[in-house]
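Q:
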Amino acid sequence: MSKVKIAISGIGAVGGYYGGSLAAYYENNDDVDIFFISRGKNLEAIKENGLQIKKSYRRITTRPTLATDNPAEIGPVDYLFLCTKSYDLEDNVKHLAPVIGSNTVIIPLLNGADITERIQQMVPANKVWKGCVYIGARLVSPGHVEKFTLKDRLFFGSNYEDWEHQYTLRNILHRARIAVTNPDDIDKEIWKKFFMISTAATITSYFNEPINDVIENHNDFFITLGYELKSVAEAKGIELPDDIVFSSIQSQKMMPNGSTTSMHSDFRKGSQTEVETLTGYVVREAKALGISVPTYQFMYKGLTQFPYPGRSI
């Protein structure tokens with residue numbers, strides 16, 4: 001029996017933590033090979049010193065079977081995890097063509113509600129499952145990932161009737177002590193995650209304030225965004241919990257003071273952002289469905305056309 005080959009593209013916070021966890025467990029394993037696809041100084045650091053992961057009071061150093069910026073050095077894999085930003089998605093999938101064979105299953109762990117559908121359009125012959133994670137982690141420096149929350153959760157699944165295939169991957173992840181769930185309704189899990197990050201990313205970026213400040217100063221807007229997004233989800237046939245608007249805000253209150261969203265951080269740095277995936281998507285879907293989302297529209301316009309309050313020009 002040939003080895004199972006798993007590639008992780010994007011060794012940042014998410015890809016670094018989960019890819020590193022897999023590499024640590026399956027190092028020199030007879031059944032599974034783990035490959036990292038990275039670039040720049042991060043790749044150089046991993047090649048030289050391995051990937052360093054800090055979680056709670058434990059530090060581990062992991063080395064994959066191969067770390068490279070050239071997918072052709074890896075060849076076709078069985079499972080490919082995509083862990084880049086959504087604005088890099090199309091270019092990333094094209095770059096990864098050498099690892100995407102006829103039997104490769106692609107599992108995106110990106111922010112967004114339509115990521116799988118976007119990938120499926122590019123690789124219609126492959127199975128593209130759905131996935132999302134809940135984790136507090138960051139790439140603190142090249143080759144160094146720090147997990148700062150006690151818990152982490154990874155969800156994946158598909159609408160294909162390939163339960164045995166999914167079961168195989170679930171066991172591989174589980175053996176590496178990854179908290180993984182393979183739910184019956186993956187769409188519901190994707191939308192629960194999207195609900196939390198879309199509303200928070202939109203409001204923190206628009207007001208240029210961390211989570212605790214927007215909850216204190218603009219909670220009415222936070223609630224309104226939630227109800228607008230819930231109406232879009234319901235129109236798409238997604239059944240979300242009745243209390244999701246307030247439970248999502250409540251979960252954000254548990255973040256340390258000064259914490260913010262990755263999209264807000266990108267805006268602050270003047271970097272490319274996920275505004276089209278997290279805010280623009282809602283506006284476009286609402287229009288297609290005939291749903292009114294005036295608060296989302298207002299903030300989307302502010303984020304894409306004009307400087308938002310407090311943002312330096």
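When you number the sequence shown by UniProt numbering, it's gap-free, plus one each residue, and the end is 313.
Even glycine gets a Cβ: it sits at the ideal position worked out from N, Cα and C.
#1: Just to confirm my understanding: we take K253, look at its own chain, exclude 5 residues before and 5 after, and list those with CB closer than 7 Å. What are they?
#2: At 4 residues or longer, and completely inside the segment 154-190: list those alpha helix (DSSP H) runs for me, N to C.
#3: Straight-line CA distance for Q166 to Y18?
#4: Kindly list the residues whose CB is nearer than 6 Å to the CB of G226, restricted to its own chain and excluding five residues on each side of it in sequence; keep chain order.
#5: Answer with buried or exposed for D31, where buried requires no fewer than 16 other C-beta atoms within 10 angstroms of its C-beta.
#6: Confirm, please, whether the CB-CB distance from V4 to I172 is below 8 Å.
#7: For L303, I'd like the list of residues in its chain whose CB is within less than 7 Å of its CB, leaving aside the five on either flank, ordered along the chain.
#8: Please state the DSSP three-state secondary structure of H264.
#9: Expressed to the nearest angstrom, what Euclidean distance is found between the alpha-carbon atoms of Y160 and V282?
#10: What's the C-alpha gap between I74 and K230?
#11: Of the residues S265, D184, L289, which one's Cα is nearest the Cα of V232?
#12: Helix, strand or coil: which one does DSSP assign to R118?
#13: Among the residues of its own chain, which have a CB less than 7 Å from the CB of I211, if the five just before and after it don't count?
#14: Taking G143 and A45 to be in contact with their CB atoms under 8 Å, please state how far apart those CB atoms are, rounded to whole angstroms.
#15: Distance, Cα to Cα, G310 vs P294?
#16: For Y134, I'd like the list of residues in its chain whose CB is within less than 6 Å of its CB, leaving aside the five on either flank, ordered along the chain.
#17: Within 10 Å of its beta-carbon, does Q272 have 16 or more other beta-carbons around it, so buried, or fewer, so exposed?
#18: For K41, count neighbouring C-beta atoms within 10 Å of its own C-beta (all shown protein chains included) and say buried if the count is 16 or more, exposed if not.
#19: Would you report the Cα separation of N92 and F194, rounded to the nearest angstrom?
#20: If we ignore side chains and look at the alpha-carbon of each, how far apart do N208 and D33 end up?
#21: Return helix, strand or coil for F148, following the three-state DSSP convention.
#22: Taking buried to mean at least 16 other C-beta atoms within 10 Å of its own C-beta, is H264 buried or exposed?
#23: Express the C-alpha separation of L169 and P98 in angstroms, rounding to a whole number.
#24: Just to confirm, are S102 and K127 a CB contact at a threshold of 8 Å?
#25: Can you tell me whether DSSP reads G50 as helix, strand or coil?
#26: Buried or exposed: where does A113 fall if 16 or more other Cβ atoms within 10 Å of its Cβ makes it buried?
#27: Where L64 and I53 are concerned, what is the direct C-alpha to C-alpha distance, given to the nearest angstrom?
#28: Does DSSP put G16 in a helix, in a strand, or in coil?
#29: Would you please state the rounded distance, in angstroms, between the beta carbons of L43 and D69? I believe it to be under 8 Å.
#30: Can you tell me which residues form a DSSP beta bridge with P108?
#31: Between which two residues does the alpha helix (DSSP H) carrying Y296 extend?
A: To lay it out plainly:
#1: I215
#2: 163-175
#3: 17 Å
#4: T199, V245
#5: exposed
#6: yes
#7: S205, Y206, V275, T279
#8: helix
#9: 26 Å
#10: 42 Å
#11: L289
#12: helix
#13: A200, T204, Q252, M255, S259, T260
#14: 3 Å
#15: Residue placement at G310 cannot be trusted, given a pLDDT of 48 that sits under 50; what the coordinates show is reported in the next sentence. Each residue's Cα considered, the two are about 21 Å apart.
#16: R153
#17: exposed
#18: exposed
#19: 21 Å
#20: 43 Å
#21: coil
#22: buried
#23: 21 Å
#24: no
#25: coil
#26: buried
#27: Leu is not the amino acid found at residue 64; the sequence shown has Pro there. Going from the Cα of P64 to the Cα of I53 covers about 13 Å.
#28: helix
#29: 6 Å
#30: L82
#31: 294-305
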